[in-house]
Amino acid sequence: LDAAGPYGTLRGAPGTAYADDGTELYYEVDEVAEATDDGAGAAGLGPRRRRLFGRRAPVPVTVVFSHGYCLGQDSWHFQRASLRGVVRTVYWDQRSHGRSGRGVAQLKDDEPLTIDQLGRDLKAVLDAAAPEGPIVLVGHSMGGMTVMALAAQYPELIRERVVATAFVGTSSGRLGEVNFGLPVAGVNAVRRVLPGVLKALGQRAELVERGRRATADLFAGVIKRYSFAGRDIDPAVARFAERMIESTPIDVVAEFYPAFTDHDKTAALALFAGLPVLVLAGVQDLVTPSEHSEAIAGLLPEAELVLVPDAGHLVMLEHPEVVTDRLADLLTRVGAVPAGTTVGTYGSTSGTAQPG
Numbered sequence: 067l068d069a070a071g072p073y074g075t076l077r078g079a080p081g082t083a084y085a086d087d088g089t090e091l092y093y094e095v096d097e098v099a100e101a102t103d104d105g106a107g108a109a110g111l112g113p114r115r116r117r118l119f120g121r122r123a124p125v126p127v128t129v130v131f132s133h134g135y136c137l138g139q140d141s142w143h144f145q146r147a148s149l150r151g152v153v154r155t156v157y158w159d160q161r162s163h164g165r166s167g168r169g170v171a172q173l174k175d176d177e178p179l180t181i182d183q184l185g186r187d188l189k190a191v192l193d194a195a196a197p198e199g200p201i202v203l204v205g206h207s208m209g210g211m212t213v214m215a216l217a218a219q220y221p222e223l224i225r226e227r228v229v230a231t232a233f234v235g236t237s238s239g240r241l242g243e244v245n246f247g248l249p250v251a252g253v254n255a256v257r258r259v260l261p262g263v264l265k266a267l268g269q270r271a272e273l274v275e276r277g278r279r280a281t282a283d284l285f286a287g288v289i290k291r292y293s294f295a296g297r298d299i300d301p302a303v304a305r306f307a308e309r310m311i312e313s314t315p316i317d318v319v320a321e322f323y324p325a326f327t328d329h330d331k332t333a334a335l336a337l338f339a340g341l342p343v344l345v346l347a348g349v350q351d352l353v354t355p356s357e358h359s360e361a362i363a364g365l366l367p368e369a370e371l372v373l374v375p376d377a378g379h380l381v382m383l384e385h386p387e388v389v390t391d392r393l394a395d396l397l398t399r400v401g402a403v404p405a406g407t408t409v410g411t412y413g414s415t416s417g418t419a420q421p422g
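Mapped onto the working numbering, the consecutive letters of the sequence shown carry residue numbers 67 to 422.
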């Protein structure tokens, strides 16, 4: 595996959107590479957009990436490195994650975090970073749930502007039934006590954070088990994932967790019927098992279902070449990436987008 610069260091043009409760939502935009005088784009990427006879150039497709629980926009590092300059992309940090601010409603008003709130946050980011033109929505885990919540609350946006969607390692509901790879007795005990334990830990955040640092090796083992399936994962990639997860404060972990058991957006999936949809998951995902992706694809018969062998929850980091190849194909199908455009995929034998 390789990519430009150390993992998580790719940066774009920064921006801030504001949620309906005033929370600052940080995002970055990577624009399409401008063409040179000989007609070839910078680094040979992307079509040249120009004004013809005084007419405004068409608004390009914008691909918006939403990350998962306890992660950040940098979790899309390999896909970002591959797509830079090829297509306009937006990466954002969900509330209380990454560079975004703590949720105002949760911090000041003690309101419970909901997936619906995350859907409204995504709408605020779209309004700020992609106010016009066609959109492709890409969501991993909690990010996929965020996309579903957006659709449930803004169906007209899906009908009028969304041209394709990718759901990666996510679920439309029934997450309370996930067993996390534990035996029946163990998972029943976890379900009973985990919400209360997390709430108690969140109320003692400073003490817990010191404990997390003191037991970093133990946490690293747990994170690796629930993030990746393969034992031969690149240590640098594993540490990159650990840093993202460890940077999420324990009170944020506790704040978000109850929202997942309440999440049910199965009905919203109907809004994506007829659109090109990619549903992708790791076969050995213990957090959002691949059966949840199969259920999503079952409700969207025209969707492309990709189940990646020997892959866990962070499939976009564990098998970036597979995720990027399938995304490139999806983008080619909707004209966001011209067929034949070079899309650099790390670890792949072929990086040329072809019609699917």
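Backbone N, C-alpha and C define an ideal beta-carbon position, used for all residues, glycine too.
{"Check": "Using C-beta distances below 6 Å, list every residue in its chain close to Gly78, excluding the 5 sequence neighbours before and after it, in chain order.", "Outcome": "Glu94, Val95, Asp96"}
{"Check": "Give the straight-line distance between the Cα atoms of Gln350 and Val202, rounded to the nearest whole angstrom.", "Outcome": "27 Å"}
{"Check": "According to DSSP, simplified to helix, strand and coil, what is Val213?", "Outcome": "helix"}
{"Check": "Rounded to the nearest angstrom, what separates Pro197 and Val229 at their Cα positions?", "Outcome": "15 Å"}
{"Check": "Which residues does DSSP list as the beta-bridge partners of Ala232?", "Outcome": "Val204, Leu344"}
{"Check": "Look at the alpha carbon of Thr82 and the alpha carbon of Leu91, and state the distance between them as a whole number of angstroms.", "Outcome": "5 Å"}
{"Check": "Can you name, in chain order, every residue of its own chain whose Cβ lies under 6 Å from the Cβ of Leu137, other than the five neighbours on each side?", "Outcome": "Met310"}
{"Check": "Using a threshold of 8 Å, state whether the C-beta atoms of His143 and Ser237 are closer than that.", "Outcome": "no"}
{"Check": "Just to confirm the assignment, what range does the beta strand (DSSP E) spanning Ala83 have?", "Outcome": "79-84"}
{"Check": "How many angstroms separate the CA atom of Ser356 from the CA atom of Thr128?", "Outcome": "28 Å"}
{"Check": "Taking 8 Å as the threshold (C-beta atoms), are Ala195 and Val244 in contact?", "Outcome": "no"}
{"Check": "Touch check for the segment 320-334 and the segment 205-214: three-plus C-beta pairs under 8 Å?", "Outcome": "yes"}
{"Check": "Write down the C-beta distance between Leu216 and Gly169 rounded to the nearest angstrom, noting that I regard them as a contact closer than 8 Å.", "Outcome": "So it is not a contact: roughly 17 Å between Cβ atoms."}
{"Check": "Measuring alpha carbon to alpha carbon, tell me which residue in Leu366, Leu149, Glu384, Ser313 is nearest Arg135.", "Outcome": "According to the sequence shown, residue 135 is Tyr rather than Arg. Taking only the C-alpha atoms, the option nearest Tyr135 is Ser313."}
{"Check": "If distances are taken between C-alpha atoms only, which option among Pro126, Gly239, Glu100 comes closest to Gly151?", "Outcome": "Glu100"}
{"Check": "Quick one: complete beta strand (DSSP E) runs, 3+ long, within the segment 285-353?", "Outcome": "343-348"}
{"Check": "Mapping DSSP to helix, strand and coil, what is Val374?", "Outcome": "strand"}
{"Check": "Classify Ala347 as buried or exposed, calling it buried when 16 or more other Cβ atoms lie within 10 Å of its own Cβ.", "Outcome": "buried"}
{"Check": "On the DSSP bridge assignment, give the partners of Gly132 in chain order.", "Outcome": "In the sequence on display, residue 132 carries Ser and not Gly. Per DSSP, Trp158, Gly205."}
{"Check": "Along the chain, where does the beta strand (DSSP E) containing Val191 start, and where does it finish?", "Outcome": "Val191 -> not in any beta strand (DSSP E); alpha helix (DSSP H) instead, spanning 181-195."}
{"Check": "Quick check on Val95: does DSSP put it in helix, strand or coil?", "Outcome": "strand"}
{"Check": "Helix, strand or coil for Gly239, going by three-state DSSP, please let me know.", "Outcome": "strand"}
{"Check": "What residues are listed by DSSP as bridge partners for Glu90?", "Outcome": "Tyr84"}
{"Check": "Apart from the five residues on each side of it in sequence, which residues of its chain come closer than 7 Å, Cβ to Cβ, to Val179?", "Outcome": "The sequence as given places Leu at residue 179; Val does not occur at that position. Cβ neighbours of Leu179 beyond the five flanking positions: Gly169, Gln172, Glu321, Phe322, Ala325."}
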